[in-house]
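Protein chains in written order, with the working numbering: chain X, 1 to 151; chain H, 1001 to 1154.
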Amino acid sequence: MRGPEGARAVIVYGDYECPFCAALEAPLNELELRVAFRHFPVRSSHPRAQAAACAAEAAGLQGAFWAFHDALFADQGRLEDPHLWARAQALGLDLARFDADRRSDAVAERVRADFRGGIRAGVATTPTLFADGLRHSGRPDPELWAALRGG
Amino acid sequence: MAVIEAGLPAPEFSLATYEGDAFTRERLEGRITVLVFYPFAFSPVCTDQLSIYQEVLDDFEQRGATLYGVSCDAVWSQQAWREKLGMTIEQLSDFEPKGEACRAFGVLHPGGFPERALVMTGPDGVVLWSHQTASPGDLPGANLIFDALDAAAA
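As structure tokens, this is what we get:
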């Protein structure tokens, strides 16, 4: 979770290979919101989504979740393993630990837990955003931004 | 036309499997079955929908429910789609006579394709729950199926 304490809370279910999630990301971060990101990788449509989600969680174990998250959304064309290593390296992470963690059962289970939580909350596509009294699925549109700005 | 309601016995129908045999009403018996009617293989919403169900297929199996995808596509198209998505959910084709099984379940869209609908039947072949989306473009979350399984088990 990031954003100012006490700001309006938003939960985003997303997938690092989903273009609409990337489109949501940058404008969302310009708003004064407290954002929680939960993984909703749909592997059959987005073959690298699961690996990317696990990589972000592995970076998180070294305190770099959001930096890695931003680096993934900033360049969705590069999600293969060497690209993930390059990001970890650029962020100064311990590469061996990063690589072991991103393949670990604990990290996979964490991603899985997010996914199941999303299913239970009725998430059926990405991105799906929840805020108090608001639910939006799919490509961000002007109504969504108006609702988030208007509070 | 609207989807068959809970409490009614599933109609007689025949759908084609990729293996070449007929999937008929008898195949529903003895277990919980969920027929996932979708408009078209390879279309974006159907791809998202079936991909998400595939992700939680283990959970459905643990709950004793078997899912089948149903569309008016040819078995070859359905199989190509399965392979593309790495999907194990079995597909049933209502290609010829086209849409007849969909019509029997009340889900044949006037455009000649299935409405997006879910039909859950019990071991006795009676409909336990059904759901049709307001528009074929709406995507019913897997939570609806889990909720229906919870209700059926209660």
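Glycine is no exception: its CB is placed at the ideal position from the N, C-alpha and C atoms.
Since we're looking at a predicted model, the values are computed, not measured.
Where does the unbroken beta strand (DSSP E) through residue i begin, and where does it stop?
{"i": "residue 1068(H)", "result": "1065-1071"}
{"i": "residue 1047(H)", "result": "Taken as a continuous stretch (DSSP letters only), residue 1047(H) belongs to no beta strand (DSSP E), being part of the alpha helix (DSSP H) at 1044-1055."}
{"i": "residue 37(X)", "result": "33-39"}
Is it the case that the Cβ atoms of residue i and residue j are separated by a distance below 8 Å?
{"i": "residue 33(X)", "j": "residue 127(X)", "result": "no"}
{"i": "residue 71(X)", "j": "residue 65(X)", "result": "no"}
{"i": "residue 1004(H)", "j": "residue 1130(H)", "result": "yes"}
{"i": "residue 1089(H)", "j": "residue 1068(H)", "result": "yes"}
{"i": "residue 56(X)", "j": "residue 68(X)", "result": "yes"}
{"i": "residue 1132(H)", "j": "residue 1117(H)", "result": "yes"}
{"i": "residue 11(X)", "j": "residue 98(X)", "result": "no"}
{"i": "residue 1094(H)", "j": "residue 1072(H)", "result": "yes"}
{"i": "residue 121(X)", "j": "residue 73(X)", "result": "no"}
{"i": "residue 1101(H)", "j": "residue 1014(H)", "result": "yes"}
{"i": "residue 1128(H)", "j": "residue 1049(H)", "result": "no"}
{"i": "residue 1022(H)", "j": "residue 1016(H)", "result": "yes"}
{"i": "residue 1042(H)", "j": "residue 1115(H)", "result": "no"}
{"i": "residue 114(X)", "j": "residue 38(X)", "result": "yes"}
{"i": "residue 31(X)", "j": "residue 135(X)", "result": "no"}
{"i": "residue 19(X)", "j": "residue 145(X)", "result": "no"}
{"i": "residue 1002(H)", "j": "residue 1125(H)", "result": "no"}
{"i": "residue 1108(H)", "j": "residue 1070(H)", "result": "no"}
{"i": "residue 1047(H)", "j": "residue 1092(H)", "result": "no"}
{"i": "residue 62(X)", "j": "residue 16(X)", "result": "no"}
{"i": "residue 1087(H)", "j": "residue 104(X)", "result": "no"}
{"i": "residue 1146(H)", "j": "residue 1040(H)", "result": "no"}
{"i": "residue 95(X)", "j": "residue 106(X)", "result": "no"}
{"i": "residue 125(X)", "j": "residue 138(X)", "result": "yes"}
{"i": "residue 53(X)", "j": "residue 111(X)", "result": "yes"}
{"i": "residue 1030(H)", "j": "residue 1123(H)", "result": "yes"}
{"i": "residue 1079(H)", "j": "residue 1018(H)", "result": "yes"}
{"i": "residue 1065(H)", "j": "residue 1144(H)", "result": "no"}
Compare the C-beta of residue i against all C-beta atoms of chain C and say whether one is closer than 8 Å.
{"i": "residue 1083(H)", "result": "The structure shown has no chain C; the protein chains it does contain are X and H."}
Starting from residue i and walking both ways along the alpha helix (DSSP H), at which residues does that stretch end?
{"i": "residue 98(X)", "result": "95-102"}
{"i": "residue 130(X)", "result": "It is not in any alpha helix (DSSP H) - residue 130(X) instead sits in the beta strand (DSSP E) that spans 128-131."}
{"i": "residue 136(X)", "result": "Note, residue 136(X): premise wrong, no alpha helix (DSSP H); beta strand (DSSP E) at 134-137."}
{"i": "residue 2(X)", "result": "Careful: residue 2(X) lies outside any alpha helix (DSSP H) and carries neither H nor E."}
{"i": "residue 142(X)", "result": "142-150"}
{"i": "residue 1077(H)", "result": "1075-1085"}
{"i": "residue 1105(H)", "result": "Neither: residue 1105(H) is in no alpha helix (DSSP H) and is coded neither H nor E."}
For a test of the three-state rule: what should DSSP assign to residue i, helix, strand or coil?
{"i": "residue 1005(H)", "result": "coil"}
{"i": "residue 91(X)", "result": "coil"}
{"i": "residue 14(X)", "result": "strand"}
{"i": "residue 1090(H)", "result": "strand"}
{"i": "residue 28(X)", "result": "helix"}
{"i": "residue 73(X)", "result": "helix"}
{"i": "residue 19(X)", "result": "helix"}
{"i": "residue 82(X)", "result": "helix"}
{"i": "residue 61(X)", "result": "coil"}
{"i": "residue 1013(H)", "result": "coil"}
{"i": "residue 117(X)", "result": "helix"}
{"i": "residue 68(X)", "result": "helix"}
{"i": "residue 1154(H)", "result": "coil"}
{"i": "residue 110(X)", "result": "helix"}
{"i": "residue 124(X)", "result": "coil"}
{"i": "residue 1040(H)", "result": "coil"}
{"i": "residue 56(X)", "result": "helix"}
{"i": "residue 1138(H)", "result": "coil"}
{"i": "residue 1096(H)", "result": "coil"}
{"i": "residue 1061(H)", "result": "helix"}
Per DSSP, which one or two residues make a beta bridge with residue i?
{"i": "residue 1120(H)", "result": "1034(H) and 1129(H)"}
{"i": "residue 1018(H)", "result": "Beta-bridge pairing links residue 1018(H) to no other residue."}
{"i": "residue 9(X)", "result": "34(X)"}
{"i": "residue 1024(H)", "result": "1014(H)"}
{"i": "residue 1114(H)", "result": "1108(H)"}
May I ask you to check if the CB of residue i is nearer than 7 Å to at least one heavy atom of the ligand SAH?
{"i": "residue 117(X)", "result": "The model on display carries no ligand, and the ligand SAH is accordingly not part of it."}
task: Quick one: which residues of the segment 27-51 of chain X get their C-beta closer than 8 Å to a C-beta of chain H? List them in chain order.
output: 42, 43, 44 and 45
Give me the subset of the segment 107-131 of chain X whose CB atoms are less than 8 Å from a CB atom of chain H, sorted by chain position. 115, 116, 119, 120, 121, 122, 123, 124 and 125
Contact set between the segment 1095-1117 of chain H and chain X, restricted to residues whose Cβ is under 7 Å from the partner: none
Self-check item: Selection of the segment 1055-1078 of chain H by Cβ proximity to chain X, strictly under 7 Å
Solution: 1055 and 1056
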